[in-house]
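**Student:** 431 is the number that the working numbering gives to position 173 of the sequence shown; each next residue is one higher, with no gaps.
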Amino acid sequence: MSQIEMVISDFGGVLTTPLFEAFASVQDRVGIPPKTFGEALRNLADEEGDNPLFQLERGEITEKHFQTQLADGLEPLVGHRPVIEDFGLLLFEALDPNPGMIDLIREVRRDGFRTALLTNNVKEWEATWRSMMPIDEMFETVVDSAFVGCRKPDPRIYQLTLERVGLEPDQCIFIDDMEINVDAANELGIHGVHFRETAQARAEVHALLT
Numbered sequence: 259m260s261q262i263e264m265v266i267s268d269f270g271g272v273l274t275t276p277l278f279e280a281f282a283s284v285q286d287r288v289g290i291p292p293k294t295f296g297e298a299l300r301n302l303a304d305e306e307g308d309n310p311l312f313q314l315e316r317g318e319i320t321e322k323h324f325q326t327q328l329a330d331g332l333e334p335l336v337g338h339r340p341v342i343e344d345f346g347l348l349l350f351e352a353l354d355p356n357p358g359m360i361d362l363i364r365e366v367r368r369d370g371f372r373t374a375l376l377t378n379n380v381k382e383w384e385a386t387w388r389s390m391m392p393i394d395e396m397f398e399t400v401v402d403s404a405f406v407g408c409r410k411p412d413p414r415i416y417q418l419t420l421e422r423v424g425l426e427p428d429q430c431i432f433i434d435d436m437e438i439n440v441d442a443a444n445e446l447g448i449h450g451v452h453f454r455e456t457a458q459a460r461a462e463v464h465a466l467l468t
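1) If you run the structure through DSSP and keep just helix, strand and coil, what is residue 275?
2) Using a Cβ-Cβ cut-off of 7 Å (strictly less than) and excluding sequence neighbours within five positions of residue 442, which residues of its own chain qualify?
3) Can you look up residue 372 in the DSSP assignment and give me helix, strand or coil?
4) Tell whether a beta-carbon distance below 8 Å holds between residue 280 and residue 349.
5) Could you please give the first and the last residue of the uninterrupted beta strand (DSSP E) stretch that includes residue 323?
6) Between 343, 296, 402 and 315, which lies nearest to residue 325 when the distance is taken from Cα to Cα?
7) Have a look at residue 315 and residue 402 and give me their C-alpha separation to the nearest angstrom.
8) Using 10 angstroms around the beta-carbon of residue 458, count the other beta-carbons present and answer buried if the total reaches 16, otherwise exposed.
9) Which of the three DSSP states is assigned to residue 448 in this structure?
10) Closest by CA to residue 292, which one among 332, 438 and 420?
11) In terms of residues, what are the limits of the alpha helix (DSSP H) holding residue 295?
12) I'd like to check one pair, residue 261 with residue 428: are the Cβ atoms closer than 8 Å?
13) Once the 5 residues before and after residue 299 are set aside, which same chain residues still bring their CB inside 6 Å of it?
14) Decide if residue 353 is buried, meaning its Cβ has at least 16 other Cβ atoms within 10 Å, or exposed.
15) Under the three-state reduction of DSSP, which class applies to residue 259: helix, strand or coil?
16) At 3 residues or longer, and completely inside the region 391-454: list those beta strand (DSSP E) runs for me, N to C.
17) Pick helix, strand or coil for residue 290, following the three-state DSSP scheme.
18) With a threshold of 16 other CB atoms inside 10 Å of the CB of residue 267, please say whether the residue is buried or exposed.
19) Could you please give me the residues that DSSP links to residue 267 through a beta bridge?
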């Protein structure tokens with residue numbers, strides 16, 4: 259019999275459609291080549307010593323500051339300064355809920371397991387992403403990187419989550435679409451599930467719970 263008591267889920271890319279598709283859509287709508295956002299952010303990280311997106315997700319800079327930095331990084335790559343003030347709006351317009359994973363959370367709750375959400379996110383986007391699904395009905399605890407000052411895969415954010423729910427690592431499953439985040443959870447003794455597609459993730463979670 260499994261000793262697992264809780265399923266902890268990521269948000270974007272697990273409970274929603276893939277993030278890489280949403281970022282591709284934003285780049286298309288802004289009118290810049292594919293993967294340019296990533297290149298600009300890597301260049302800025304090399305210059306400044308940290309990735310502005312990571313700073314945004316830790317709540318260290320505002321969305322407006324991030325947009326300015328991103329425009330600074332994009333300008334030399336695309337030959338003009340793109341208009342990206344609607345970055346967050348465009349991103350969420352390109353994301354849809356993932357019914358299969360939302361149903362999984364509801365199913366495990368119905369079966370008596372506890373659930374929590376652990377997300378790398380942005381303060382200014384909170385109302386938008388929470389409006390996509392009934393977060394407070396689905397999860398007893400929400401840990402949002404932007405409000406706790408650290409982000410996955412930093413071990414501290416997993417430890418903080420465990421402290422908040424009062425459980426040991428081996429009592430929890432963690433689902434994420436980023437392998438680096440799953441690896442970090444595994445290193446702490448949490449049962450990591452790398453989300454690649456819905457049927458695969460559902461099957462792995464059910465196998466761990468039985």
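Note that CB positions come from ideal geometry on N, CA and C, so glycine has one too. On a predicted model such as this, the values are computed, not experimentally measured, just so you know.
**Tutor:** The short version:
1) coil
2) So the list reads 410, 411, 413 and 416, once near-sequence residues are dropped.
3) strand
4) yes
5) Here residue 323 belongs to no beta strand (DSSP E); instead the alpha helix (DSSP H) covers 321-336.
6) 343
7) Taking C-alpha positions only, residue 315 is separated from residue 402 by approximately 9 Å.
8) By the neighbour-count rule (16 or more Cβ atoms within 10 Å), residue 458 is not buried but exposed.
9) Residue 448 carries a coil assignment under DSSP once its states are collapsed to helix, strand and coil.
10) 332
11) 294-306
12) yes
13) 309 and 311
14) buried
15) Its pLDDT being 47, under 50, residue 259 is placed unreliably in this model, and the value from its coordinates should be taken loosely. Reduced to three states, the DSSP call for residue 259 is coil.
16) 399-402, 430-434 and 449-452
17) coil
18) buried
19) 375 and 433
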